[in-house]
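Student: Please see the structure below; I have some questions.
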Amino acid sequence: MCGIVGYIGSRKAIPIVLNGLKNLEYRGYDSAGIAYRVNNKIEIKKEQGKLDNLVEKVNPDKETFTAIGHTRWATHGKPSVVNAHPHHVGKITLVHNGIIENYDEIKKMLNYATKGETDSEVLAAYINYLYQEEKDILKVLHQLQKNIKGSYALGIIVDNDDAIYCLRKDSPLIVGIGEKENFIASDVPAILDYTKNYYILDNGDYGKITKDEITIYHDGKEVKKEKLVFEFDIASAQKNNYEHFMLKEIHEQKEVLYNTLKSYEKSTLPDLNKYDGITIIGCGSAYYVGMCVKDALEKNLNIKVDVEIASEFRYKRVFFSKKHLVILISQSGETADTLASLMKAKTLGVDTLAIVNVVGSSIARETKDVLYIKAGVEKAVATTKAFTCQLLLLLMLISQDNKYKEFDNLINDVEMALSKEQDIKELAKKVYEHDDVFFLGRLGDYAMCLEGSLKLKEVSYIHSEAYAAGELKHGTISLIEEGTPVIAIITDKEIADKTVSNVKEVKARGAYTIVITNQDVPKDIADDLIKIDLEAVYLPIIVIIYLQILAYYVAVNRGCEIDKPRNLAKSVTVE
Ligand code: F6R
-17 MCGIVGYIGS RKAIPIVLNG LKNLEYRGYD SAGIAYRVNN KIEIKKEQGK LDNLVEKVNP
43 DKETFTAIGH TRWATHGKPS VVNAHPHHVG KITLVHNGII ENYDEIKKML NYATKGETDS
103 EVLAAYINYL YQEEKDILKV LHQLQKNIKG SYALGIIVDN DDAIYCLRKD SPLIVGIGEK
163 ENFIASDVPA ILDYTKNYYI LDNGDYGKIT KDEITIYHDG KEVKKEKLVF EFDIASAQKN
223 NYEHFMLKEI HEQKEVLYNT LKSYEKSTLP DLNKYDGITI IGCGSAYYVG MCVKDALEKN
283 LNIKVDVEIA SEFRYKRVFF SKKHLVILIS QSGETADTLA SLMKAKTLGV DTLAIVNVVG
343 SSIARETKDV LYIKAGVEKA VATTKAFTCQ LLLLLMLISQ DNKYKEFDNL INDVEMALSK
403 EQDIKELAKK VYEHDDVFFL GRLGDYAMCL EGSLKLKEVS YIHSEAYAAG ELKHGTISLI
463 EEGTPVIAII TDKEIADKTV SNVKEVKARG AYTIVITNQD VPKDIADDLI KIDLEAVYLP
523 IIVIIYLQIL AYYVAVNRGC EIDKPRNLAK SVTVE
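For the sequence shown, the positions run -17 to 557 when our numbering is used.
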């Protein structure tokens, strides 16, 4: 969602902030803006649409050494120049990520006539109002927190004061530490071209950033923050020679799965045997990770494992025993609904374990235990490498072997799946012109269908649905026409015959069938057969890699904007 970048130092600020925003583009946005100080006056430029529209309008050579920039993903008010950030009211110029829930109340109290429709503009007016009274912006940032409701990461510049001020609650914000220059940003990739060192702000932290000094406060007192160093290779946040981040990240799976496998000795992982029930919670693909491992966990632990959509769980009535474990899955560690589910689980007094990619993210810090996958920076909006690493880590948790013997061939098999790229690329040519695609499978195979279908629809914009194979004839089969692509996944030996029958039913009605299987299915059920000769606990990882490649090439054939599909955001920090 919205991206914030701020720079103060001795280099020209505009190119640095624009480059930072470019590196946050993956978060998703629909307008962009920048504010900078020239000869002690604040200038603001804003544009709707792509960041390049803004880049064209701004002179990078301006003699300015302090700037804040923003990419906005519309929540309150449509994407437009007036709604874009930064907002300037009185002496305050501000960029905001989050939602101010009581902005209407504040607006009425201020009797302020807004130019646009955003909560952020009202917030700028409110801060300016408090600043007129208080004259000390740090005191204002402290006081403000008592009076505003919602989530906010703020970057602020004040007229006639050469500093950047910041404040954070429930929306991510880091402070980058440089040499005679410092930064604020929503996420580490924004600053990696300049520094690997940063602080993470906690909820309620606010601070003053100058060229030479970073001072962070909490509740009116100065606090010392722990300096963090970005641990991944910077190249992991760049596209290298790949046309899209999505393809690069699909290929990186060999390496990041290996890193994840090697990152935890079995004896250091939490013992799940002590629980009498587990609930796995996530959104979108993270939810499907849970669906994909549910069966394996239940078989292994002999307890009930439920998988819940975070946005549902947070409002649901639940009945947990004290020996219940809630597992939160999140790549970003910032997803608002998953974070709210974690907070709910904590109030219920049960153990919480988060499986997260982004180090120091909100979910990672709020949970009782955290296990980090080693996926590196994932920039394509559609998750690929984080998905399979999360799957692997959950399977490692139930491994019976101290040396994870069952994963000995994982990396070879991933390599094998990646080597089929050209074949799948050909297959994509048979799919991309269709308007509807169906995925069929049962139980664990159905879970893989859900992820395959989501991947396809989000990047290619083809309408696609995953169906529990037995459900089809209760309505959906009426949608099957001559040539409708149906992708069936058949890897569960015990119910393979049942899914085979369902594939026959759609084939009899003219469907074009692609069957992905490790079973000996009748050849005539498949127009195209992808045979994976593998029986392994990690088979879902291999199947999902095929489906990721398929989704990618279907989207390529349709000329879609693969890394940043329309309307989507990488890090969904609002409800
Ligand atoms: C789909 C996708 C999303 C995310 C979901 C949760 O490709 O990436 O469905 O999985 O928004 O995000 P995280 O994992 O950051 O909580």
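We treat Cβ as the ideally placed atom computed from N, Cα and C, and that holds for glycine.
Consult DSSP for residue 137 and reduce its assignment to one of helix, strand or coil.
Tutor: It is a strand residue.
Student: Any heavy atom of the ligand F6R closer than 7 Å to the CB of residue 434?
Tutor: No, the beta carbon of residue 434 sits no closer than 7 Å to any heavy atom of the ligand F6R.
Student: Measure the CB-CB distance between residue 127 and residue 151 and report whether it falls below 8 Å.
Tutor: Yes.
Student: Any contact between the stretch 60 to 78 and the stretch 99 to 110? By contact I mean 3 or more CB pairs, one from each, below 8 Å.
Tutor: Yes: at least three Cβ pairs fall under 8 Å.
Student: Taking the alpha carbon of residue 303 as the point to measure from, which residue in 257, 169 and 318 has its own alpha carbon closest?
Tutor: Selected option, being the one with the closest Cα: 257.
Student: Exposed or buried, which one is residue 504 when buried takes at least 16 other CB atoms within 10 Å?
Tutor: Per the 10 Å Cβ criterion, exposed.
Student: Quick one: is the Cβ of residue 533 within less than 7 Å of any heavy atom of the ligand F6R?
Tutor: No.
Student: Residue 483: buried (16+ other C-beta within 10 angstroms of its C-beta) or exposed?
Tutor: Exposed is the call here.
Student: Just checking residue 160 against the ligand F6R - is the residue's beta carbon closer than 7 Å to any of the ligand's heavy atoms?
Tutor: Not under cutoff, so the answer is no.
Student: Smallest Cα separation from residue 352: which of 52, 338 and 487?
Tutor: For residue 352, the nearest C-alpha among the options comes from 338.
Student: With DSSP collapsed to three states, give me the class of residue 424.
Tutor: Note: residue 424 maps to coil in three-state DSSP.
Student: Verify the contact flag: residue 103, CB atom, against every heavy atom of the ligand F6R, threshold strictly below 7 Å.
Tutor: Every heavy atom of the ligand F6R is 7 Å or more from the Cβ of residue 103, so no.
Student: In three-state terms, what does DSSP make of residue 477?
Tutor: It is helical.
Student: Kindly list the residues whose CB is nearer than 6 Å to the CB of residue 28, restricted to its own chain and excluding five residues on each side of it in sequence; keep chain order.
Tutor: Here the set comprises 15, 63 and 66.
Student: Given a cut-off of 8 Å, decide if residue 13 and residue 80 are closer than it, judged by their beta-carbon atoms.
Tutor: No, these two residues do not count as a Cβ contact at 8 Å.
Student: Can you give me the C-alpha to C-alpha distance between residue 528 and residue 442, rounded to a whole angstrom?
Tutor: Their Cα atoms are separated by approximately 16 Å.
Student: In angstroms with no decimal places, state the Cα-to-Cα distance between residue 333 and residue 349.
Tutor: Approximately 9 Å, taken between the alpha carbons.
Student: With a threshold of 7 Å (Cβ to nearest heavy atom), would residue 341 be considered close to the ligand F6R?
Tutor: Incorrect: residue 341 has no Cβ contact closer than 7 Å to the ligand F6R.
Student: Taking 7 Å as the cut-off, is the C-beta of residue 115 nearer than that to any heavy atom in the ligand F6R?
Tutor: Result no, Cβ not under 7 Å from the ligand F6R.
Student: Taking Cβ positions, are residue -17 and residue 435 nearer each other than 8 Å?
Tutor: No, the Cβ-Cβ distance between residue -17 and residue 435 is not below 8 Å.
Student: By the 10 Å Cβ neighbour count, where 16 or more other Cβ atoms means buried, how is residue 415 classified, buried or exposed?
Tutor: The residue in question, residue 415, is exposed, as its Cβ has fewer than 16 Cβ neighbours within 10 Å.
Student: What is the rounded straight-line gap between the Cα of residue 376 and the Cα of residue 551?
Tutor: Cα to Cα, residue 376 sits roughly 25 Å from residue 551.
Student: Within this structure, are the beta carbons of residue 183 and residue 157 separated by less than 8 Å?
Tutor: A contact, by the Cβ cut-off of 8 Å.
Student: Quick one, are the C-beta atoms of residue -14 and residue 137 less than 8 Å apart?
Tutor: Closer than 8 Å, so yes.
Student: Return yes when the C-beta of residue 349 is under 7 Å from any heavy atom of the ligand F6R, and no when it is not.
Tutor: No; taking the cut-off as 7 Å, the Cβ of residue 349 has no heavy atom of the ligand F6R nearer than that.
Student: What residue range does the alpha helix (DSSP H) around residue 2 cover?
Tutor: Counting along the chain, the alpha helix (DSSP H) containing residue 2 begins and ends at -5 to 5.
Student: Is the separation between the beta-carbon of residue 171 and that of residue 284 shorter than 8 Å?
Tutor: Their beta carbons are not under 8 Å apart, which means residue 171 does not touch residue 284 by this criterion.
Student: How about residue 293 and residue 319: do their beta carbons lie closer than 8 Å?
Tutor: Yes, they are a contact pair.
Student: Could you tell me if the beta carbon of residue 265 falls within a distance shorter than 7 Å of some heavy atom in the ligand F6R?
Tutor: True, at least one ligand heavy atom lies under 7 Å from that Cβ.
Student: Between residue 507 and chain D, is there a C-beta pair that is closer than 8 Å?
Tutor: Although the question refers to chain D, the structure presented lacks it and comprises just one protein chain.
Student: Going by DSSP, what residues sit across from residue 286 in a beta bridge?
Tutor: BP columns for residue 286 point to 259.
Student: Let me confirm a value: residue 249 is counted as buried when at least 16 other C-beta atoms fall within 10 Å, else exposed. Which label applies?
Tutor: The residue is exposed, with fewer than 16 neighbouring Cβ atoms inside 10 Å.
Student: Counting along the chain, where does the beta strand (DSSP E) carrying residue 17 start and finish?
Tutor: Unbroken beta strand (DSSP E) run through residue 17: 13 to 20.
Student: When you compare only the Cα positions, how much space is there between residue 181 and residue -11?
Tutor: Residue 181 and residue -11: Cα-Cα distance of roughly 15 Å.
Student: The ligand F6R heavy atoms versus the CB of residue 365: any closer than 7 Å?
Tutor: At least one heavy atom of the ligand F6R is nearer than 7 Å to the Cβ of residue 365, so yes.
Student: My parser needs the beta strand (DSSP E) runs of 3 or more residues fully inside the stretch 135 to 200; what are they?
Tutor: Correct list: 143 to 151, 156 to 159, 163 to 167, 179 to 182, 187 to 191 and 196 to 200.
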